[in-house]
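Participant: All residue numbers for the sequence shown refer to my numbering, where the first residue is 2 and numbers rise by one.
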Amino acid sequence: MPDRIEEKAYAKLNISLDVTERRSDGYHDMLMVMQTVSLYDEVSIMLNGSGRVRARTSLAFVPGDERNLAVRAALRFLSAIDAGEQGMDIQIDKRIPVGAGMGGGSADAAAVLRALNRMYGSPLSPEELEALSGDVGSDVPFCVRGGTALASGRGEKLETLPDMPECRFIICKPSFSISTPDLFKKLDQIRLRCHPDTAGLTEALRRQDLAQICRRIYNVFEDVDDRRMNTVAEIKGILLDHGALGAAMTGTGSAVFGVFTPGSDTAQVQALLKNEYAFCESAGCIGVLNAPSV
Ligand code: C5P
C-alpha cells in the first residue's frame, strides 16, 4: 500500500437551490441541481505512525483539528474499516475560496474519502463511501460523487443527471463570507416569493438546451433580508450585462456565478470583476468522480 496519495478536491456550484421544508431536526429539506467545476483544492495524504489525524492548510485561519471536515472524513473512514489507530497528515492547498458556497470544506472531505478508499484498495463500494460521507456534512455526498446531480433531503440524496452542455462559468466572490447556519436562520424568517422550476431545469438538461437551463438558474437564498444580497445582485447584474445567459449566488454564498457559451470572450468582465471584488476565476464542468456501481 502506498503511504502517500494526492487527490483533487473540486468545488461545486448550485445551478438551482430550493428549500422545500424546515425539519424538526434543525435541518431543511432541499432540492438542488448541483454541478462540479474545475476549480480545486489540492489534497495530499501522508500516512504516519503518530496515531493522530491532522490537517495543514495553506490558509492560517483554517483549523487543522476535528473542526476541519477533512479530518472528520478521515476519522469516519478509519472507523468504518476498523483502522482507528492509523495516523496521517493531510496537506490542503486551498484555492477554493472559504465561505463562498462552493463547498470547499466538503470537497476536501470528499477528496480525503476517495483518496483513502483508493489507498486501501477500495474496501468500500461507491455507495458505501457516499452513505458514510453524509455523516461528515450535507454537501459531502455530492462532492464525493461529482458531475451533475439532483440533490434532495439534507442534500445527501442524489440522482445523477445528464452532464451540463459545454459552457464556461465565471465565478466571483466579494470580500465578505456568509455563514451557512446564519443564512438558514434568516430564510426561516421570510415567506419565499418564488421557487426554482427544478422539473423544467432537469428537463432542459435532458434536452441539453443551455439557454433553457440558464433561464431556470435560481437560488432562494437571494431573497433573504440581508444587505449583503445587494452586492450579490450587483455582481449578477455585471455578469448578465456582459453576456451571461444566467447568473445566481451559489449555496449560501457569497460567491456568484454566470454561465457563458463556450466561445464567449469573458476577458473584459473577468478583469472588471477582479478589479472590484476579492476573487474572480473562470471554470468548466467536471463529470462524475465516484460512479455508483449499479
Ligand atoms: O450538514 P452541515 O454540517 O453541512 O450543515 C451545516 C448547518 O447548515 C446545519 O447545522 C444547519 O444549520 C444548516 N443546514 C440546514 N439544512 C440543510 C443543510 C444544512 O439547515 N439541508
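Where is the CB? At the ideal position from N, CA and C, for every residue including glycine.
If you're wondering where the values come from, they're calculated on a predicted model, not measured in any experiment.
(1) Which of helix, strand or coil does DSSP assign to LYS95?
(2) Does the stretch 64-76 come into contact with the stretch 179-188, if we say contact requires no fewer than three beta-carbon pairs (one atom in each stretch) closer than 8 angstroms?
(3) If you scan the stretch 211-237 from start to end, which runs of the alpha helix (DSSP H) of 4 or more residues do you find wholly inside it?
(4) Given 6 angstroms as the limit, tell me if PRO182 has its C-beta closer than that to any heavy atom belonging to ligand 1.
(5) DSSP three-state call for ASN291: helix, strand or coil?
(6) What do you get for LYS237, buried or exposed, if any count of 16 or more other CB atoms within 10 angstroms of its CB means buried?
(7) Start and end of the beta strand (DSSP E) containing CYS168?
(8) When DSSP builds the beta bridges, which residues end up paired with SER45?
(9) May I ask you to verify whether the stretch 261-272 touches the stretch 26-42, counting CB pairs closer than 8 angstroms and requiring at least 3?
(10) As an exercise, report each continuous beta strand (DSSP E) stretch of at least 3 residues that is fully enclosed by the stretch 232-269, in chain order.
(11) Identify, in the order they occur along the chain, each residue of the same chain with its Cβ nearer than 8 angstroms to the Cβ of ASP226, setting aside the five sequence neighbours on each side.
(12) So within the stretch 117-174, which uninterrupted alpha helix (DSSP H) runs reach at least 4 residues, ignoring any that extend past its ends?
(13) How would you call GLY104, buried or exposed, if buried means at least 16 neighbouring beta carbons within 10 angstroms?
(14) Could you check how far apart the C-beta atoms of VAL1 and LEU193 are, in whole angstroms? I think they sit under 8 angstroms.
(15) What first and last residue would you give for the alpha helix (DSSP H) that runs through GLU86?
(16) Are the beta-carbon atoms of ARG217 and LEU240 separated by less than 7 angstroms?
(17) On the premise that GLU157 lies in contact with GLY135, defined as a C-beta separation below 8 angstroms, what is that separation, rounded to the nearest angstrom?
(18) For the beta strand (DSSP E) containing SER283, list its first residue and its last residue.
(19) In chain order, what residues of the same chain have a beta carbon less than 6 angstroms from the beta carbon of THR21, not counting five sequence neighbours either side?
(20) Give every residue of the same chain whose Cβ lies closer than 8 angstroms to the Cβ of SER39, excluding the five residues on either side of it in the sequence, and list them in chain order.
Facilitator: Inspection of the coordinates gives the following:
(1) DSSP places LYS95 in coil when its eight states are reduced to three.
(2) The answer is no - the stretch 179-188 does not touch the stretch 64-76, with fewer than three Cβ pairs under 8 angstroms.
(3) Listed in chain order, the complete alpha helix (DSSP H) runs (minimum 4 residues) inside the stretch 211-237 are 211-216.
(4) Proximity of the beta carbon of PRO182 to ligand 1 is indicated: a heavy atom of the ligand is located closer than 6 angstroms.
(5) ASN291 falls in the coil class under three-state DSSP.
(6) LYS237 comes out buried.
(7) CYS168 -> no beta strand (DSSP E), and no H or E assigned at all.
(8) The partner list for SER45 (beta bridge, DSSP) reads GLU7, GLN92.
(9) With the cut-off at 8 angstroms, the stretch 261-272 and the stretch 26-42 do not touch.
(10) DSSP runs (the beta strand (DSSP E)) wholly in the stretch 232-269: 247-250, 257-261.
(11) These residues qualify, in order along the chain: LYS187, GLN190, ILE191.
(12) Runs of the alpha helix (DSSP H) lying entirely within the stretch 117-174 and spanning at least 4 residues, in chain order: 127-134, 141-146.
(13) Taking every protein chain shown into account, the CB of GLY104 has 16 or more other CB atoms within 10 angstroms, so this residue is buried.
(14) Outside the shown range of the chain, which is 2 to 295, sits residue 1, and nothing can be said about it.
(15) Where GLU86 is concerned, there is no enclosing alpha helix (DSSP H), given that its DSSP letter is neither H nor E.
(16) Not in contact: ARG217 and LEU240 (Cβ atoms no closer than 7 angstroms).
(17) Contact flag correct, Cβ pair sits at about 4 angstroms.
(18) Secondary structure note for SER283: its beta strand (DSSP E) is the uninterrupted segment 280-284.
(19) Short of 6 angstroms from the beta carbon of THR21, and not among the five residues preceding or following it, lie these beta carbons of its own chain, in chain order: ASP30, LEU32.
(20) So the qualifying residues of the chain are TYR11, ALA284, GLY285, CYS286, ILE287.
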